[in-house]
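Student: My numbering numbers the first residue of the sequence shown as 1215 and each following residue consecutively.
Every residue, glycine too, gets a C-beta built ideally from N, C-alpha and C.
Before anything else, here's the structure in question.
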Amino acid sequence: MNFDEMTYFVNDERGGYYYSIGKKRNQFVKNYRISNYFSGSKASNRREEEYIKEILCPVLIAVGIPLNQEEQ
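Next up, the structure:
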């Protein structure tokens, strides 16, 4: 999968959620988890904020994937 074919999204599962990447228009058929689970607790929210700031945003910017407005 080329970077220009890729999108990212939040995948809900068993009371938690995680970030995934997949091919545009086909992301729910085959996707790859790119983060740990987050639960919504205060500690988890802090870890998620760090993940977004330190890992997700720099990677997406580096490969030219636009950030989803709801994720910022």
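Work out the CA separation of ASN1259 and GLY1278 for me, nearest whole Å.
Tutor: Here residue 1278 refers to the residue found at position 64 of the sequence shown. Here residue 1259 refers to the residue found at position 45 of the sequence shown. For GLY1278 and ASN1259, the distance between alpha carbons rounds to 26 Å.
Student: For the beta strand (DSSP E) that contains LYS1237, what are its first and last residues?
Tutor: One-based indexing of the sequence shown puts residue 1237 at position 23. Here the beta strand (DSSP E) through LYS1237 covers 1230–1237.
Student: Output the residue ranges of the beta strand (DSSP E) runs that lie fully inside the stretch 1252–1284 and measure 3 residues or longer, sorted by chain position.
Tutor: none
Student: By the 10 Å Cβ neighbour count, where 16 or more other Cβ atoms means buried, how is TYR1233 classified, buried or exposed?
Tutor: The count along the sequence shown starts at 1 and reaches residue 1233 at position 19. Buried, since its Cβ has 16 or more Cβ neighbours within 10 Å.
Student: Going by DSSP, which residues form a beta bridge with PHE1223?
Tutor: Taking the first residue of the sequence shown as 1, we reach residue 1223 at position 9. DSSP lists SER1234 as partners of PHE1223.
Student: Since ILE1235 and ASN1245 are thought to touch, with beta carbons under 8 Å apart, how far apart are those beta carbons, to the nearest angstrom?
Tutor: As a position in the sequence shown, residue 1235 is number 21, starting the count at 1. As a position in the sequence shown, residue 1245 is number 31, starting the count at 1. Their Cβ separation, rounded to whole angstroms, is 6 Å, which keeps ILE1235 and ASN1245 in contact under 8 Å.
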